[in-house]
Amino acid sequence: MNQEESVARGCALQAAMLSPLYKVRDFEVRDVSPFPVTVGWLGSPEEGDENAEEMKKATIFPAGSQMNTVKMLTFRRKGPFELTAEFAEEAPLLPMTCRELGKYKVELPEQPEDKKVKVKARLQLHGSFTIDSAQMLEEEEYEETVREKREIPTDVDMEGSEEKEEKEEKEEKEEKDGKEKDEKEEKEEKEEKEEKKEEKQEEKEKEEEGEKQEMTEDQKEEKEKEKEKEKEKEDKPNAKSRKRKEPNFEWVDVVKKRTKRTKRTDLAVSVVGKPGLSAAELQKRQDEETAMQAEMKEVIETDEKKNDLEGYIFTARNKVCDEWGPYITPAEKENFEKELQKAEDWLYDHFDGTKVQYIDKLDELKSLGDPVQWRYKEASMRDEWIKAVQGTIANYRKAAEQPGEKYGHIAPEKLGKILTACQALETWLLDRKAKQEALPKHQKPVLICGDMDSKNQELAKMADAILKEPKPREKKENIEIDEEKAEDPEEKEENGDKEEKEEEEKKDEKEEKEEKKEENPDNPRDMDLD
Numbered sequence: 001m002n003q004e005e006s007v008a009r010g011c012a013l014q015a016a017m018l019s020p021l022y023k024v025r026d027f028e029v030r031d032v033s034p035f036p037v038t039v040g041w042l043g044s045p046e047e048g049d050e051n052a053e054e055m056k057k058a059t060i061f062p063a064g065s066q067m068n069t070v071k072m073l074t075f076r077r078k079g080p081f082e083l084t085a086e087f088a089e090e091a092p093l094l095p096m097t098c099r100e101l102g103k104y105k106v107e108l109p110e111q112p113e114d115k116k117v118k119v120k121a122r123l124q125l126h127g128s129f130t131i132d133s134a135q136m137l138e139e140e141e142y143e144e145t146v147r148e149k150r151e152i153p154t155d156v157d158m159e160g161s162e163e164k165e166e167k168e169e170k171e172e173k174e175e176k177d178g179k180e181k182d183e184k185e186e187k188e189e190k191e192e193k194e195e196k197k198e199e200k201q202e203e204k205e206k207e208e209e210g211e212k213q214e215m216t217e218d219q220k221e222e223k224e225k226e227k228e229k230e231k232e233k234e235d236k237p238n239a240k241s242r243k244r245k246e247p248n249f250e251w252v253d254v255v256k257k258r259t260k261r262t263k264r265t266d267l268a269v270s271v272v273g274k275p276g277l278s279a280a281e282l283q284k285r286q287d288e289e290t291a292m293q294a295e296m297k298e299v300i301e302t303d304e305k306k307n308d309l310e311g312y313i314f315t316a317r318n319k320v321c322d323e324w325g326p327y328i329t330p331a332e333k334e335n336f337e338k339e340l341q342k343a344e345d346w347l348y349d350h351f352d353g354t355k356v357q358y359i360d361k362l363d364e365l366k367s368l369g370d371p372v373q374w375r376y377k378e379a380s381m382r383d384e385w386i387k388a389v390q391g392t393i394a395n396y397r398k399a400a401e402q403p404g405e406k407y408g409h410i411a412p413e414k415l416g417k418i419l420t421a422c423q424a425l426e427t428w429l430l431d432r433k434a435k436q437e438a439l440p441k442h443q444k445p446v447l448i449c450g451d452m453d454s455k456n457q458e459l460a461k462m463a464d465a466i467l468k469e470p471k472p473r474e475k476k477e478n479i480e481i482d483e484e485k486a487e488d489p490e491e492k493e494e495n496g497d498k499e500e501k502e503e504e505e506k507k508d509e510k511e512e513k514e515e516k517k518e519e520n521p522d523n524p525r526d527m528d529l530d
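1 is the number of the first residue of the sequence shown in UniProt numbering; add one for each residue after it.
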């Protein structure tokens, strides 16, 4: 397939894949490199090589390898080492193509033992080779620690300082106070219950025996006090024992086990001896390219100037005999034609001339032909400029002579200045026009279009400055007018006509109109203005 066919086929397949009406097999396009790439390195005794210090090579990216892939290379080294990359075969390369792709130095610090080093090589998306990075791999043991909660012995707590004892005593007192309050509440509840039980028992005993005596209040109080003292004695040793029995804890780092892990250390990779041209050679080639571009530019510009000269010769020769004829004397015409013929002969004799020579020869011919061309252009544009100036004079003269409401506020003296300027320009134009008509066409004109343009702009600038004067503000007068006097006479006539019509109509229609007037008194057509 050619390029167009491949593009058309790809578009058709993509459209079929996107369309829900077609089912296409899944496929993908992979870019591959046609050039195999090898990596070379010096052998080392650490790897068990018999012939150490010999260059070894391995093809890591064979021909047809997919682009944008990565390969990991493993070495065992004690210090820094170099890697070289190059194309494996010279046959598929273009002529004069350097096989070397580059030299890379892996900066490995000196080690007491050989270390495993992994180098990442990449075949990039655009097909170039590079060493991305390198890492040193080490196995190390480390202790895994875990924080645990341990109980502190009670003897240690008892051997505390005096401050701790004071704090403990305070805490004990606070606990005692709290407990006493709780105990009192409990005692009160118990006493109430006991009293109720005793009352019930007494009632039963009285009913059964009738001989038991009631206990006095003093005896009850004495019994209650004795009970409280007994409970306090029992609670004191219990509180101390609780205080001592409560254990204290602390967090301790405990080594659980020893494990192995891989430590990765990034190594610096530098490029040594970049392939290709040196800086001096590159600068030399750039200078040569710049010189060639300048030379080509000179050739192009020389051809343009040569064509300009040749075109001017042919164009001027035709126009001198045609439209330029009335604006050149016979002697000048004969001389100009001779110069044109000489320039044509010179051009054919110096076909490989320089750009400067062509420019000089063209300037010589234009010095004779430009005055004739200028007189022709002036004559062709003169009538249009005369009409334009006359139109400007007429417009400003009308504004000054008939100011009306728009310019009536401007002083007559200022308007007179506009009339004077218009008259002066008109006189100048008529005078120059008469002189120009008397001159032959081959002489320098008197009435020039550039002069008419400047005069026209001067008049417009002066007149516009005067006519742009703003109107003075009018003073408002407050005049009171009676409503009856301010009534419009046309409205009176309309009302009179309505009255005549109403008289001619029937009484029923009059009543209906009166009702409508009462409903809409603000309608000017229905209002009675008598």
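All C-beta atoms in this analysis are idealised placements derived from N, C-alpha and C, irrespective of residue type, glycine included.
Just so we're clear, the structure is a prediction, and the values are computed from it rather than from any experiment.
Next item on the list: Counting only the same chain and skipping the five closest in sequence on each side, list residues whose C-beta sits under 7 Å from that of V372.
Entry: Locating residue 372 in the sequence shown gives position 372, where the first residue counts as 1. Here the set comprises W324, Y327 and I328.
Notebook entry, point to check: Between D370, T427, A399 and K433, which lies nearest to K468 when the distance is taken from Cα to Cα?
Noted result: Translated into positions along the sequence shown, residue 468 becomes position 468. Checked all of D370, T427, A399 and K433; the closest Cα to K468 is A399.
Item checked: Straight-line Cα distance separating P20 from L93 -> Sequence index remark: in the sequence shown, residue 93 carries index 93 (1-based). Sequence index remark: in the sequence shown, residue 20 carries index 20 (1-based). Between L93 and P20, the C-alpha separation is close to 45 Å.
Checklist line | Cα-Cα separation between T354 and K306, rounded to whole angstroms | finding: Position 354 of the sequence shown, counted from the first residue, corresponds to residue 354. Position 306 of the sequence shown, counted from the first residue, corresponds to residue 306. Distance between T354 and K306, taken at the CA atoms: about 9 Å.
Margin query: Can you find the residues in the same chain that come closer than 7 Å, C-beta to C-beta, to K320, ignoring five residues on each side of it along the sequence?
Written below: The residue you call residue 320 lines up with position 320 of the sequence shown. In the sequence as displayed, the identity of residue 320 is Val instead of Lys. Closer than 7 Å at the Cβ level, and outside the excluded window around V320, lie I328, K333, F336 and E337.
Check: Can you tell me where the alpha helix (DSSP H) with Y142 in it begins and where it stops?
Finding: Numbered from 1 along the sequence shown, position 142 holds the residue referred to as residue 142. Here Y142 belongs to no alpha helix (DSSP H); instead the beta strand (DSSP E) covers F129 to I152.
Next item on the list: Would you kindly work out how many angstroms separate the C-alpha atoms of G79 and P62, rounded to a whole number?
Entry: In the sequence shown, the residue the question calls residue 79 occupies position 79. In the sequence shown, the residue the question calls residue 62 occupies position 62. Going by the C-alpha atoms only, they are around 29 Å apart.
Item checked: Those residues which DSSP pairs with N248 across a bridge -> Counted from its first residue, the sequence shown places residue 248 at position 248. I152, per the DSSP bridge assignment.
Note to self: Looking at the strands, I want to know which residues DSSP matches up with W41.
What the structure shows: Mapped onto the sequence shown, residue 41 falls at position 41. According to DSSP, W41 shares a beta bridge with K56 and L83.
Margin query: Taking 7 Å as the limit between beta carbons, can you name the residues of its chain near A91, skipping five residues before and five after?
Written below: If you number the sequence shown from 1, residue 91 lands on position 91. Cβ neighbours of A91 beyond the five flanking positions: none.
Checklist line | Endpoints, beta strand (DSSP E) assigned at F75 | finding: Residue 75 sits at position 75 when you count from the first residue of the sequence shown. Start and end: T69 to R77.
Notebook entry, point to check: Of the choices E5, R258 and W251, whose alpha-carbon is the least far from that of E144?
Noted result: As a position in the sequence shown, residue 144 is number 144, starting the count at 1. For the residues E5, R258 and W251, the minimum Cα distance to E144 belongs to R258.
Check: Taking DSSP as the reference, what is the three-state secondary structure of D308?
Finding: On the sequence shown, residue 308 is found 308 positions in, with the first residue counted as 1. Reduced to three states, the DSSP call for D308 is helix.
Margin query: Less than 9 Å between CB atoms is the rule here; does P62 satisfy it with respect to chain C?
Written below: Structure shown: chain C not included; a single protein chain is present.
Note to self: Distance check for T74 and G102, CA to CA, integer angstroms please.
What the structure shows: Locating residue 102 in the sequence shown gives position 102, where the first residue counts as 1. Locating residue 74 in the sequence shown gives position 74, where the first residue counts as 1. If you take the alpha carbons of G102 and T74, they lie about 19 Å apart.
Note to self: Which residue marks the beginning of the beta strand (DSSP E) containing G369, and which one marks its end?
What the structure shows: On the sequence shown, position 369 is the one that residue 369 refers to. Boundaries for G369: no beta strand (DSSP E) harbours it, while the alpha helix (DSSP H) harbouring it runs K355 to E401, taken from the DSSP string.
Next item on the list: State the Cα-Cα distance for the pair P237 and K197, rounded to the nearest angstrom.
Entry: For the purposes of this step, residue 237 is taken as residue 237 along the sequence shown, with counting starting at 1. For the purposes of this step, residue 197 is taken as residue 197 along the sequence shown, with counting starting at 1. Any reading at P237 needs caution, since the residue's pLDDT is 49, under 50, leaving its predicted position unreliable; the model's value is listed next. Straight-line Cα distance between these residues: approximately 31 Å.
Margin query: Checking 9 Å against the spacing of the C-beta atoms, do E82 and K115 come in under that value?
Written below: Mapped onto the sequence shown, residue 82 falls at position 82. Mapped onto the sequence shown, residue 115 falls at position 115. Their beta carbons are not under 9 Å apart, which means E82 does not touch K115 by this criterion.
Item checked: Nearest-angstrom Cβ-Cβ length linking R382 and K441, presumed shorter than 8 Å -> If you number the sequence shown from 1, residue 382 lands on position 382. If you number the sequence shown from 1, residue 441 lands on position 441. Rounded, the Cβ-Cβ distance is 11 Å, inconsistent with contact.
Next item on the list: Going by DSSP, name the residue or residues bridged to S65.
Entry: Within the sequence shown, residue 65 is the residue found at index 65, counting from 1. Answer is S33.
Notebook entry, point to check: Is the CB-CB distance between E69 and W41 below 9 Å?
Noted result: Indexing the sequence shown from 1 puts residue 69 at position 69. Indexing the sequence shown from 1 puts residue 41 at position 41. The amino acid at residue 69 is misidentified as Glu; the sequence shows Thr. It is not a contact, given that the beta carbons lie outside the stated cut-off.
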